[in-house]
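From first to last, the protein sequence lines are chains A, B, C and D. Read in my numbering, the first sequence has 96 at position 96, and its numbers run on one by one without any break. Here my numbering runs 1000 ahead of the position in the second sequence, where the first position is 1. Here my numbering runs 2000 ahead of the position in the third sequence, where the first position is 1. Here my numbering runs 3000 ahead of the position in the fourth sequence, where the first position is 1.
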Amino acid sequence: MQDSQEHAAREQHAPEHIVPIKTYALICATLLVLTFVTYSVAFVDLGPLNVVVAIVIACVKATLVVLFFMHAAYAPRRTRLVILAGIVWMFLLLGLTLADYLTRFLPR
Amino acid sequence: MSAITANPSPASSPPHRPHENYLNANYGIRSWLFTTDHKRIALLYLFSVTIYFAMGGFFAMLIRLQLLTPEGFLVGPDTYDRLFTMHGVMMIFFFLIPSIPAVLGNFLIPLMIGAKDLAFPKLNLLSWYIFNIGAIFTIYSIVTGGVDTGWTFYTPYSSIYSNSQVSAAVIGIFITGFSSILTGLNFIVTIHTMRAPGMTWWRLPIFVWSHYATSIIFILGTPVLAITLVMVAAERLLHVGVFDPRLGGDPLLFQHLFWFYSHPAVYIMILPAMGVTTEIIATFARKNLYGYKAVAIASLGIAAIGFLVWAHHMFVAGISIYAAMVFSLLSYLVAIPSAVKVFNWTATLYRGSVSWQTPMLYALGFIGLFVMGGMTGLFLASIGADVHVHDTYFVIAHFHYIMVGGAVMGYLGGLHYWWPKITGRMYPEMLSRAAAIVLFVGFNLTFFPQFILGYLGMPRRYATYPPEFQVLNVFSTAGASILGLGYLLPICYFIWSMRYGPIASSNPWPATGLEWQTSSPPPTENFETTPVVTWEPYDFEHRPDLGLPKPERARPAPLEAPGLEAGD
Amino acid sequence: MERTGALFGHFRDLDQQRETASLGMWVFLMTEVMFFGGLFLAYTVYRWKYHDAFAAASRELDVTMGALNTGVLILSSFTMALAVWASQMRKRNLLCIFLIATMLLGAAFLTVKGFEYAQKFEHHLVPGYNYDFPGPEAEAQHAEIFFALYFLMTGMHAVHMIIGEGMLLILLIYAWKGHFTGDYRAPIENGGLYWHFVDIVWIFLFPLLYLIDLHH
Amino acid sequence: MQSFPLFPERASSVAGGVDDFFILLVIVAVFFSVVVGVAIFYLSFRYRRRPGNEVGQLVPGSELLEITWMVIPFLIAMVLFAWGAKLYVTMRQSPSDALDIYVVGKQWMWKIQHADGRREFNELHVPVNRDVELTMISEDVIHDFYVPAFRVKMDVLPGRYTTLWFRATKTGRYHLFCSQYCGTNHSQMGGWVDVMEPSEYQAWLSGGSNTESPEQTGQRLFTALACISCHGDPSERGAGPRAPSLRGVYGSTVKLNDGQSVTADDGYLRESVLDPGAKIVAGYDNIMPTFQGVVSEDQLLQLLAYIKSIGSQPAQDTPGEAGPAAPAGQ
């Protein structure tokens, strides 16, 4: 009873976080630089690594946006759980479907 | 114990001047169409899904009539294809998926957690409008010629070859999907943030847990169906082909995307019914639910594992044999949380005080039919057996045991159980028990023969069939007519009871949930004062406010032979 | 529900209300993730199957415009983040300025996108309309799937952008009236979340659609 | 109405295994249904509400019990999974020396061609006690080739070959169904499978009128479509090795010019005819035109039959083609 109310209170009173403008500017600059990097790298032949690099850079950019522009870094745990669920489920969709495609023509 | 003062007790409410409640708070059609009260929206949903259920049921009766004779009793194959498609579309997207969540869930979740409303009342109303707009599109497709693709809309038939109103139906389902998403979103947020003081996660009724699990499927599955239908519509209307095999498109990709939603959608239908069953069993056994935490976690487990098994609909579709084995293995895992639930429900009866009132009949019927539906699911999960019975009447029988025997029984049981809360009146007890038994008998007569038909090899979606299948089909049609009559009974006496039923007290059974702590029907704001929860879920022993005698420790009753005297 | 000050009737307090709004938005964004997830799956499967045709088709896209648009959208995310900041600091004029900047950048993105679409029409690269891809027939067909996905993915993204622009306009009007510089800021914060999400989608679309094997 | 069966006829080598497994599943299902059903009836009668039993007694949960009834279903499930998977592997693994029959599905009929050329529609004649492998493709929507008496079915897809094998064990006439919904006359799209004694089958085969075998037709097409001018053996025609010889290709491993290698199966050969640029054999240029729209599904299957027939022969020691692994072609 006692701790449950405390718990509820903790859940509901996450302090609002104000991110300084400097952080935003820094993130924005990083994103622009990464865009330039991904653009330039695309013209270099890295073999199969091209797509890996492109995806990794995109993931880094998306993570920066989520954490700082969208304040997920300062959000309650519950919000981070929601984000995690979205990502995990998308990978379930991709992963299990590709599990079919990638093994469909294996010799058996 | 309970911090809230119970609202008018049965004795104190005068039968002729009912207290102010959500039904009589204001009048007029506008007060309903623009309401943001979750209870009124639930009734709007009740009204809508009943109509769509009647439509789907009508198509079902025509289907069964057609199959009375091998060469087709009623219509040609063109019409028959439209009948089973529209039966599936109406029943799945416009009845089964919204039925329990949008009617009972909408009505009860805020009451059960002690909130004044859902988190987003306007979105809730919006979802009802979206739902009906989607239905209008779909009904338009019926009126203008119907759809003949089956509710599964397999490409390339749906996207290229069918000459029916596929686009309108697909757009209708796409739109309706957003109402599911909004409902699921509303439930998740409400359950997270709107719980009354003291209503911890481990004090939530299982009904709320199962709706939480359902909502996860709503919000993570439905969008995938939406984008898949967009792709089908784009291919059909704009010839922007993604699945078109003539361009090298893969028809199996559609199936993957479709079943990613549509398999979990089965759990959208069954999970809420499991929640209803749990509530009913605890109340009518007057006993704490056995293994509360296990049952709660099993709900989430079913929702999560339910997302990992979709390709068992594709074992003979040409997927990789390795993938087939992985999906078969994962499919078997669903059996475990399901078994946990069934065993815990059964164990709850032990040392209970079991009353065979109507909701309990539905709940016990639900367990029996769900066990049969679930066990036959094992046949389909195992690749070796599925190859033979896939796309036959075995599958039809299996999923009707889950959807009609499970979800519809749960829905009707829930409607009976909460009817006094919803309307403030009781339904006729004897008639409703008779209806429950009629439904149970009719259901089994309709669908059990289809298991045999399926193993004999009768494929589904056949307008005509070889003559040796006729006898079983006649049984099935006979059962369907009983089932159809059975459904008319509740509709009639529910309407009757709204006006003439005996006045119900605020807690007629009595039950332990918060929803029974307010008056029947509840006031617009649900509770006079915000309730504070101080009791564990389904605890009858420490609840003097329920007015039950103390359970006796020494039980005098001698062990008697297990009887088969009663009902079903 | 009637409003009493900044608090809606069915909430206990402002904190509960704010948490609810934020959680609701995040849950909604996860449905959006799955919505685009279906498209990404289709893309992945076909890119794996028809890699060369996809690369050839991808080279028909204007990389420079795509990169430019990526930059524009990142900047608009930046100004949107600043708008949320201005709302937190309770600076009404700044809030309005940042909202307008975001809208303008969004409009710039859509304009560039419009030019790109026009180019596709001119080059006969619109499936179902005037599709005529130079190259062997089979490759042309597989490239048609690429363009179908290109239009579906960027089209869905553009639809989200247009909805976002409308949302920003409404936010701007209310912000101008001083609605979001007090205790009630949920719409601005949720609008920000939405806008950033649309940005993230593009962050993935850009390399996937425009940057396939450009070194050839 | 007539008498009706409760169990389908059993006429293939896998049918017995499927039936045994099915019976096991039925036993498991009935067992659990009965256990739960009896428990419900017994408990709800034994603890029925009556004076002196107005309220249930608080029964504490037992983790041991919860774990027990999780582990037991899990173990049973795993046994069933393994059994079913084993059965499935048998069903999907084609025997090597099966009789090849080609099946084309279209709305709403089955077109079938036998190895020696005899064609038939909506009816399939096969010899008893002989492995038969169907190579199937659809001209339009998805169909499904289903023979209940054999307990086998497989979807027939547009744009891709699927295979189905069975060994009939009992002569007779069995239903053939399309079991994937394919449009208006879905329920009419079927017919019969006739299982005959081998001698009868031979007699039936020769009963066809002046048909040539798919291999022969394929060989004719190979010339008529001018495949031979590039893919022909230099020893036969004197054509230059602009393209790899197709002798010995079928079933071999082919090295591609991007360093990867593939098995030259039906799917690969089909792709190479319709989309020659997709996978190019190492050492050759992408010069072959596509034959999409030029050859029908039937003709493609005949070409395939021809390539298959020369695939079993080892590669001739033709000049210009080196390496122990059979060089491969498009």
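Ideal Cβ placement from N, Cα and C applies to all residues, glycine included.
Residue span of the beta strand (DSSP E) that contains residue i, given as start and end
{"i": "D/L3176", "result": "G3172 to C3178"}
{"i": "B/H1416", "result": "Where B/H1416 is concerned, there is no enclosing beta strand (DSSP E), although the alpha helix (DSSP H) it sits in stretches over M1409 to T1423."}
{"i": "D/Y3102", "result": "L3099 to K3106"}
{"i": "D/E3123", "result": "E3123 to P3127"}
{"i": "D/T3253", "result": "T3253 to K3255"}
{"i": "D/K3111", "result": "M3109 to Q3113"}
{"i": "C/S2058", "result": "Unbroken run through C/S2058 is the alpha helix (DSSP H), H2051 to S2058; no beta strand (DSSP E)."}
{"i": "D/L3331", "result": "Within the shown structure, residues of chain D are numbered from 3001 to 3330, placing residue 3331 of chain D beyond reach of any answer."}
{"i": "D/D3019", "result": "Taken as a continuous stretch (DSSP letters only), D/D3019 belongs to no beta strand (DSSP E), being part of the alpha helix (DSSP H) at A3015 to R3046."}
{"i": "C/V2159", "result": "That residue, C/V2159, is in no beta strand (DSSP E); its alpha helix (DSSP H) goes E2137 to W2176."}
{"i": "D/V3156", "result": "V3152 to V3156"}
Under 8 Å from the C-beta of residue i: neighbouring residues of chain B
{"i": "C/Q2141", "result": "R1246, L1247 and G1248"}
Of the listed residues the options, nearest to residue i (C-alpha basis)
{"i": "A/M90", "options": "C/G2037, C/R2059, C/L2099 and C/T2044", "result": "C/G2037"}
{"i": "D/A3226", "options": "D/Y3201, D/V3295 and D/M3136", "result": "D/V3295"}
{"i": "B/I964", "options": "B/G1177, B/L1044, B/R1433 and B/P1110", "result": "Chain B is shown only over 1001 to 1568; residue 964 of chain B falls outside these bounds and no answer can be derived."}
{"i": "D/R3167", "options": "D/I3228, D/Y3250 and D/F3150", "result": "D/F3150"}
{"i": "C/P2187", "options": "C/L2171, C/D2062, C/S2077 and C/D2199", "result": "C/L2171"}
{"i": "B/T1138", "options": "B/R1543, B/G1056, B/A1213 and B/H1239", "result": "B/G1056"}
{"i": "B/G1146", "options": "B/Y1080, B/P1156, B/A1060 and B/V1240", "result": "B/Y1080"}
{"i": "B/Y1362", "options": "B/I1181, B/F1284, B/V1240 and B/G1150", "result": "B/F1284"}
Beta-carbon neighbours of residue i, restricted to chain C and to distances below 9 Å
{"i": "A/Y24", "result": "F2078, A2081, L2082 and W2085"}
{"i": "B/V1224", "result": "M2034, F2035, G2037, G2038 and L2041"}
Chain D contact for residue i (CB, 8 Å cutoff)
{"i": "B/N1507", "result": "no"}
{"i": "B/Y1290", "result": "yes"}
{"i": "C/T2004", "result": "In this prediction, C/T2004 scores a pLDDT of 48, lower than 50, which makes its location untrustworthy; the coordinate-derived value is nonetheless stated afterwards. Cβ-Cβ to chain D under 8 Å: no for C/T2004."}
Short CB-CB distance (under 8 Å) between residue i and chain B
{"i": "C/G2066", "result": "no"}
{"i": "C/P2127", "result": "yes"}
{"i": "A/R104", "result": "yes"}
{"i": "D/R3048", "result": "yes"}
Contact set between residue i and chain A, taken where Cβ atoms lie within less than 7 Å
{"i": "B/L1182", "result": "The contacting residues do not exist; B/L1182 stays about 16 Å from chain A at best."}
{"i": "C/L2193", "result": "M70"}
{"i": "C/H2218", "result": "As shown, chain C starts at 2001 and ends at 2216. That puts residue 2218 of chain C outside it, with no answer to give."}
{"i": "C/L2071", "result": "According to the sequence displayed, residue 2071 of chain C carries Gly and not Leu. Chain A residues near C/G2071: L32 and T35."}
Continuous alpha helix (DSSP H) stretch holding residue i: start and end
{"i": "D/L3064", "result": "E3063 to R3092"}
{"i": "A/V82", "result": "R77 to T103"}
{"i": "B/D1386", "result": "I1383 to V1389"}
{"i": "C/D2065", "result": "Strictly speaking, residue 2065 of chain C in this sequence is Met, with Asp absent from that position. Looking at the DSSP string, the run of the alpha helix (DSSP H) that includes C/M2065 is V2063 to Q2088."}
Cross-chain neighbours of residue i in chain B, by beta carbon under 7 Å
{"i": "D/M3070", "result": "I1336 and V1340"}
{"i": "A/R80", "result": "The premise fails here: A/R80 is roughly 13 Å from chain B at the closest Cβ pair, so nothing lies under 7 Å."}
Chain C contact for residue i (CB, 8 Å cutoff)
{"i": "B/T1512", "result": "no"}
{"i": "D/A3226", "result": "no"}
{"i": "D/G3159", "result": "no"}
{"i": "B/Y1161", "result": "no"}
Partner residues on chain C for residue i, Cβ-Cβ distance less than 8 Å
{"i": "D/T3290", "result": "P2136, E2137 and A2138"}
Minimum Cβ-Cβ distance from residue i to chain A less than 8 Å
{"i": "B/V1326", "result": "yes"}
{"i": "C/P2207", "result": "yes"}
{"i": "B/Y1154", "result": "no"}
Partners in chain C for residue i, counting only beta-carbon separations shorter than 7 Å
{"i": "B/H1192", "result": "L2023"}
{"i": "D/D3275", "result": "A2138"}
Cross-chain neighbours of residue i in chain G, by beta carbon under 8 Å
{"i": "D/A3278", "result": "The structure shown contains no chain G; the protein chains it does contain are A, B, C and D."}
beta-carbon residue i near the ligand PLP non-hydrogen atom, thresh 7 Å
{"i": "D/N3129", "result": "The model on display carries no ligand, and the ligand PLP is accordingly not part of it."}
Inset, instruction - Examine the Cβ distances between the stretch 1377-1389 of chain B and the stretch 1438-1448 of chain B and report whether three or more of them are shorter than 8 Å. - result: Contact fails: fewer than three Cβ-Cβ distances are below 8 Å.
Inset, instruction - Evaluate contact between the stretch 1108-1125 of chain B and the stretch 1191-1198 of chain B, counting only Cβ atoms and requiring at least three cross-stretch pairs below 8 Å. - result: Because the criterion of three Cβ pairs below 8 Å is met, the stretch 1108-1125 of chain B and the stretch 1191-1198 of chain B touch.
Legend entry - the stretch 32-41 of chain A / the stretch 90-99 of chain A touching (three or more Cβ pairs under 8 Å): no
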